[in-house]
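First the structure, in the form of structure tokens, and then the observations on it.
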Amino acid sequence: MITIEELKNELLGKSFPERVEISQEQVVVDVDTFLKIQFIEAEAWKKDLEKCPAYLRLIKFREAVK
Numbered sequence: 001m002i003t004i005e006e007l008k009n010e011l012l013g014k015s016f017p018e019r020v021e022i023s024q025e026q027v028v029v030d031v032d033t034f035l036k037i038q039f040i041e042a043e044a045w046k047k048d049l050e051k052c053p054a055y056l057r058l059i060k061f062r063e064a065v066k
């Protein structure tokens with residue numbers, strides 16, 4: 001499992017397309033805001049990280065931009 005810190009190192013400060021489709025029903029149109037909010041939510045999550053919706057969205061985003 002990748003940590004939040006590893007995701008931050010991999011995703012923050014990089015250039016991404018204007019629109020990133022992370023699933024059929026989810027398209028990110030403001031990447032900077034999306035990443036900022038997802039990291040805030042993931043860091044505030046106190047339960048199992050693999051069940052955190054924001055963490056799961058970050059993983060989907062990471063896979064979409066590989």
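Heads up: the sequence shown begins at 1 in UniProt numbering, then just goes up one per residue. For each residue, glycine too, the CB sits at the ideal point set by N, CA and C. Note that the structure is predicted; figures quoted are calculated from it, not measured.
Does the pairing of the stretch 14-22 with the stretch 38-53 give three or more beta-carbon distances under 8 angstroms? no
C-beta contact flag for E21 and R62 at 8 angstroms: no
Express the C-alpha separation of L58 and L35 in angstroms, rounding to a whole number. 7 angstroms
C-beta neighbour in chain B for D48, strict 8 angstroms: Here there is only one protein chain, and chain B is not present.
Helix, strand or coil: which one does DSSP assign to V27? strand
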